[in-house]
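Asker: Take -4 as the starting number for the sequence shown in the working numbering and just add one per residue. Using N, Cα and C, we set each Cβ at its ideal position, and we do this for glycine too.
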Amino acid sequence: MPLNKDKLCAFARQNSLQPTELFHPDTLTYIRRQYNLDNPGEMDRAIDILEEWLKKQNHFTGSSPACLNFF
């Protein structure tokens, strides 16, 4: 069954879960290693790149969807 983001967000809110509580404990470590985000400074660099990209997206105007703020 494919992941439904809206259902996942609703489930997390109903159960007062943090995003990291929805995954296997070593999932974040695995993903960080896979994308070289486990090195010092790389996560900040990736966030800076994402923020710059978001600023250029005209269709992301106004307030962001509530679920987007969850993650």
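Would residue 32 and residue 38 be called neighbours here (beta carbons separated by less than 8 Å)?
Answerer: yes
Asker: Beta-carbon within less than 8 Å of residue 3's beta-carbon, same chain only, minus the 5 sequence neighbours each way: which residues are those?
Answerer: 17
Asker: What three-state label does DSSP hand residue 25 in the structure shown?
Answerer: helix
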